[in-house]
Amino acid sequence: MNRKEDEWLWGWDPTPGIVSVWAEPEGRAIVWRRLPETDALVREDLSFRPWLLLASLEDLGHLGARLRPEGDGPAPHRVTYQELEGPGALRYVIRADDGRTLSSAILQGAARRLGRPLQHLRDLPPEVVFVMPPEEQYLIASGRTYFRDLPFDALHRLQFDLETTGLDPEHDRIFLVALRAPDGSTEVLEVHGDEDDDEAEADLLGRLVARIQAWDPDVIENHNLHGFDLPFLARRAQHLGVPLALGRAGAPGLRQRPSARGASLGGRSDAPATNGAAPGQNGGARTDRQRRTRYTVPGRELIDTMDAVLRHDFSARDLPGHGLKAVARHFGLAGPDRELITGARIHHVFRTDPERVRRYACDDVKEAAGLARLLGGAAFALARMAPRRYERLADAGAATGVLDPLLVRAYLRAGAALPAHEPGDGTSHSGAALHLFATGVAKHVVKADVASLYPSLMREYRIGPRRDRLGVLLALVDRLVDQRLDAKARARAALPGSPERHTHEALSAAMKLVVNSAYGYLGAVGLTRFADVHAANEVTRHGREVLGLLCRELAARGVTLLEADTDGVYFSVPPAWEEADERRVVSEVAALLPPRVHLEFDGRYAAMLSHEPKNYALQPYDGPLLLRGVAFRSRRAEPFGEDFLRRALRCLLAGDIPGVREAYISTVLALRRRTIPTHEVASRVRLTKASSQYIATRTRRRELPYEAMLANGRTHWSIGERIRVYRATGGRAGLLPTPATEESEQEDGDALEGRQGSERTSRDPRDYDVEYYTRQLRETFAARLARALTPADFAAVFDDPGQPSLFTPCLSGARPILTVLQEPQEHRDEAESPVETTATPG
DNA sequence: CATAACCGGGG
DNA sequence: GTGTACGGTTATG
Numbered sequence: 054m055n056r057k058e059d060e061w062l063w064g065w066d067p068t069p070g071i072v073s074v075w076a077e078p079e080g081r082a083i084v085w086r087r088l089p090e091t092d093a094l095v096r097e098d099l100s101f102r103p104w105l106l107l108a109s110l111e112d113l114g115h116l117g118a119r120l121r122p123e124g125d126g127p128a129p130h131r132v133t134y135q136e137l138e139g140p141g142a143l144r145y146v147i148r149a150d151d152g153r154t155l156s157s158a159i160l161q162g163a164a165r166r167l168g169r170p171l172q173h174l175r176d177l178p179p180e181v182v183f184v185m186p187p188e189e190q191y192l193i194a195s196g197r198t199y200f201r202d203l204p205f206d207a208l209h210r211l212q213f214d215l216e217t218t219g220l221d222p223e224h225d226r227i228f229l230v231a232l233r234a235p236d237g238s239t240e241v242l243e244v245h246g247d248e249d250d251d252e253a254e255a256d257l258l259g260r261l262v263a264r265i266q267a268w269d270p271d272v273i274e275n276h277n278l279h280g281f282d283l284p285f286l287a288r289r290a291q292h293l294g295v296p297l298a299l300g301r302a303g304a305p306g307l308r309q310r311p312s313a314r315g316a317s318l319g320g321r322s323d324a325p326a327t328n329g330a331a332p333g334q335n336g337g338a339r340t341d342r343q344r345r346t347r348y349t350v351p352g353r354e355l356i357d358t359m360d361a362v363l364r365h366d367f368s369a370r371d372l373p374g375h376g377l378k379a380v381a382r383h384f385g386l387a388g389p390d391r392e393l394i395t396g397a398r399i400h401h402v403f404r405t406d407p408e409r410v411r412r413y414a415c416d417d418v419k420e421a422a423g424l425a426r427l428l429g430g431a432a433f434a435l436a437r438m439a440p441r442r443y444e445r446l447a448d449a450g451a452a453t454g455v456l457d458p459l460l461v462r463a464y465l466r467a468g469a470a471l472p473a474h475e476p477g478d479g480t481s482h483s484g485a486a487l488h489l490f491a492t493g494v495a496k497h498v499v500k501a502d503v504a505s506l507y508p509s510l511m512r513e514y515r516i517g518p519r520r521d522r523l524g525v526l527l528a529l530v531d532r533l534v535d536q537r538l539d540a541k542a543r544a545r546a547a548l549p550g551s552p553e554r555h556t557h558e559a560l561s562a563a564m565k566l567v568v569n570s571a572y573g574y575l576g577a578v579g580l581t582r583f584a585d586v587h588a589a590n591e592v593t594r595h596g597r598e599v600l601g602l603l604c605r606e607l608a609a610r611g612v613t614l615l616e617a618d619t620d621g622v623y624f625s626v627p628p629a630w631e632e633a634d635e636r637r638v639v640s641e642v643a644a645l646l647p648p649r650v651h652l653e654f655d656g657r658y659a660a661m662l663s664h665e666p667k668n669y670a671l672q673p674y675d676g677p678l679l680l681r682g683v684a685f686r687s688r689r690a691e692p693f694g695e696d697f698l699r700r701a702l703r704c705l706l707a708g709d710i711p712g713v714r715e716a717y718i719s720t721v722l723a724l725r726r727r728t729i730p731t732h733e734v735a736s737r738v739r740l741t742k743a744s745s746q747y748i749a750t751r752t753r754r755r756e757l758p759y760e761a762m763l764a765n766g767r768t769h770w771s772i773g774e775r776i777r778v779y780r781a782t783g784g785r786a787g788l789l790p791t792p793a794t795e796e797s798e799q800e801d802g803d804a805l806e807g808r809q810g811s812e813r814t815s816r817d818p819r820d821y822d823v824e825y826y827t828r829q830l831r832e833t834f835a836a837r838l839a840r841a842l843t844p845a846d847f848a849a850v851f852d853d854p855g856q857p858s859l860f861t862p863c864l865s866g867a868r869p870i871l872t873v874l875q876e877p878q879e880h881r882d883e884a885e886s887p888v889e890t891t892a893t894p895g
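Laid out in structure tokens, this is it:
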């Protein structure tokens, strides 16, 4: 039993060190392995028997004697079949020595049956035929997976980053490439001679290819590699007639593979639906739902750190943005001397200060390498389990990308027929519970939550897909949960920062990812093979019951419930309670929950402002204020307002209402005295229209950013350029020089010839519209404190300091309020079915 | 003014 | 082969 389930999770072939697999439909496969002991690379050329699944043999009847049972011996041009057992639409494994003969035989039979010609197997319905990409056919048939016994740090990884004159490969050129070699050294390649010369650029691309071939990495990485660098490179190479021999085998050139995300830029050139009508198009401006492609090469895995970043932020939701600089800074990967240059000025700076651009580009590849190691371990670990290429696991969704291949492999290994995708029966998916019990300020706040609630419920109540008759999904979840504990223990046992620790942490992260996607898998009707919305609804129903139960039980123990969402609850305890009392109620309630459902004490806070569902501020007993939800963390909020909000919240949560008033007054006065620098009131925007486009619509509607450009004599700009704009006096639009990164308020060196720090302030015009920003302060920022004050106190706190009212309000006795909602606000994500209300605490 | 479409990133 | 969300802005009726 254990062995079988281990095979479901890990495959069964022990071959170590596979770093890349390339297979062709004709039945040839190349496997590159890095020998863990010697670091040497070995290449195996193999043949395999391509296979696919069919619902019936009728389309192969025309083969006559060439169609034989799998058990019969070899015969020339044979096509074999193996009948799988049990129910399931896809019940025949068909194999041949060449996958093309296989598909043409089926197409021929199906065309005859349907009376119309067929081009591709995908023209047949998925319940009739199922084919996987050749690499996956090979991995499933062989039981092999990537990276067995190989630590992440044994991979030979190379990063490269293009610096270009702009974003559009039709018109812009590559003038510099930074490379980071597998040994960690960096190198810069630059265009020699005339930058506007095709030959000079072609020569640069040739040198890039030569360096990659010389270093021969297993993996090529960069941030937005598939979204920018590869499609840009491919387009330029095509224009210049340079062969891109980036792979380890086969014809030079990048190949394309279909993908959900990825190239928004390179796909355009060969997307049939694109008519190129959009003027001033850049990479991001897609006019239709074109199918995206990604590039792939034999022998190397092309890894985009953006995918790892998105995957991380999907659960963590703590990143300030997804750009390389912001993420690197967030994770502490950016050094203190990190060179920053605004994107639009890189080429310009290169002409006057090339050394700065070299530093910048090298910092980019170093950060991309750091990011790839920090966040890429999960995909690396997934590649040890799932029968897919590493590069595909890096950008795949966990449900269709990881669980589906695991399930397919398990069923075939067991010789069991595979169900086809099934459309839903119309039952809608009911979601989690969300309760808002109180708004305003509460003190002595505790957060308790259930770790991995949904997988725990699936395990506890044995809820799996109805059609998964082998119980593979639950078996995988069970094993992943158990083995994850083991991986976590090993990670803890290893030296911090060591390769072993990194590998075990990555494994643990990957396992968590898969476990948590098991529930999503159930609900993805039409997308996943075994989707079962009834099972998914059963999970959420138990989840709502558990949340309701724990809320009731907590309330019965004398706490005040604040907000509960899916698997966690915030509540406030009586002032006399100690932390031990807080922990005691949590464990008392935990004991009442089902065995696998573990309620945990997750944190304690001095105070909380509950604003709206999923929008709150927390003041830890020590440490900085925590803001959650869009109301408190808006990416484009003006810095002066954010700053005010933080100061006001800190006072508010300390019960200091006069302090809130003071924060407000000082901000208003600072605006009026113009002691707030202009960049603090400016907002960052992106220009999405070309100047000609804007001028065409300008009479109908004026837009601040473009007005700011025009008013500052900027009549030309590129789409996507980021600027800082503000409202200036007299209805004018103000424009500020953009610092190199969103977060950086450091001087923007290249804008200031001579680099005098004081120059910036002396240049600050300070001509912003004070009244506009005062109103903004009151209406959008102060408004977020409304729940915490009585209407009278709110009016007094945010009374205009310049126009003293008749009553000088006395705030010294004012206290923040907490309003316990009579009817707690009940929400349910995607709720369509009748709502069972959770009993409210007494 | 409401709803639909589109964006996130890269130089 | 399939797909990630979701909150915010801009385009359009």
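For the record, in the first sequence the residue sitting at position 663 is 716 according to my numbering, with numbers rising by one throughout. C-beta: ideal position from N, C-alpha, C; glycine also.
Can you tell me whether residue i is helix, strand or coil according to DSSP?
{"i": "Ser100", "result": "strand"}
{"i": "Gly329", "result": "Low local confidence applies: a pLDDT of 28 at Gly329 is under 50, so the model's placement there is unreliable, and no value is given."}
{"i": "Trp630", "result": "coil"}
{"i": "Trp65", "result": "coil"}
{"i": "Gly429", "result": "coil"}
{"i": "Ala786", "result": "strand"}
{"i": "Phe228", "result": "strand"}
{"i": "Leu680", "result": "strand"}
{"i": "Ala561", "result": "Looking at the sequence provided, one finds Ser at residue 561 rather than Ala. Helix."}
{"i": "Arg828", "result": "helix"}
{"i": "Ser157", "result": "helix"}
{"i": "Asn55", "result": "helix"}
{"i": "His401", "result": "helix"}
{"i": "Ile516", "result": "coil"}
{"i": "Tyr191", "result": "helix"}
{"i": "Ser736", "result": "strand"}
{"i": "Arg700", "result": "helix"}
{"i": "Lys419", "result": "helix"}
{"i": "Tyr413", "result": "helix"}
{"i": "Ile265", "result": "helix"}
{"i": "Asp251", "result": "helix"}
{"i": "Thr593", "result": "helix"}
{"i": "Ser368", "result": "helix"}
{"i": "Val461", "result": "helix"}
From the DSSP output, read off the bridge partner residues of residue i.
{"i": "Thr613", "result": "Ser625"}
{"i": "Lys378", "result": "Note: Lys378 sits in no beta bridge, so no partner."}
{"i": "Val494", "result": "Leu662"}
{"i": "Pro122", "result": "Tyr134"}
{"i": "Glu49", "result": "Any answer about residue 49 is impossible in this case: the structure gives the chain only from 54 up to 895."}
{"i": "Leu215", "result": "Val230"}
Assuming residue i and residue j make a contact with CB atoms under 8 Å, what is their CB distance in whole Å?
{"i": "Ala716", "j": "Cys704", "result": "6 Å"}
{"i": "Thr492", "j": "His365", "result": "In fact, because the Cβ distance is near 31 Å, the residues do not count as touching under 8 Å."}
{"i": "Gly708", "j": "Pro869", "result": "6 Å"}
{"i": "Leu428", "j": "Leu386", "result": "Rounded, the Cβ-Cβ distance is 10 Å, inconsistent with contact."}
{"i": "Ala781", "j": "Tyr826", "result": "About 11 Å separates the two Cβ atoms, so there is no contact after all."}
{"i": "His595", "j": "Ala504", "result": "Incorrect: roughly 15 Å between the Cβ atoms, too far for contact."}
Taking one C-beta from the region 445-463 and one from the region 201-215 each time, how about it: are there three or more such pairs within less than 8 Å? No contact exists between the region 445-463 and the region 201-215.
Assess contact between the region 666-685 and the region 517-525, defined as three or more Cβ pairs (one per stretch) separated by less than 8 Å. Is contact present? Under the Cβ criterion (8 Å, minimum of three pairs), the region 666-685 does not count as touching the region 517-525.
Spell out a yes or no on whether the region 394-411 and the region 258-277 are touching, meaning 3 or more CB-CB pairs, one atom from each, closer than 8 Å. The region 394-411 vs the region 258-277: no contact.
Alpha helix (DSSP H) segments (min. 4 residues) lying fully within the region 525-583: The region 525-583 contains these whole alpha helix (DSSP H) runs: 525-546 and 552-576.
Would you call the region 587-594 in contact with the region 606-615, where contact means no fewer than 3 C-beta pairs closer than 8 Å? Not touching, per the Cβ criterion.
Would you call the region 100-120 and the region 131-143 touching, i.e. three or more CB-CB distances under 8 Å? As far as the Cβ criterion goes, the region 100-120 touches the region 131-143, which means the pair count is three or higher.
Would the region 496-504 and the region 555-571 be scored as touching if the rule is three or more Cβ pairs under 8 Å? Not touching, per the Cβ criterion.
Give a yes or no on contact between the region 541-561 and the region 622-629, applying the rule of three or more CB pairs nearer than 8 Å. By the criterion of at least three beta-carbon pairs nearer than 8 Å, the region 541-561 is not in contact with the region 622-629.
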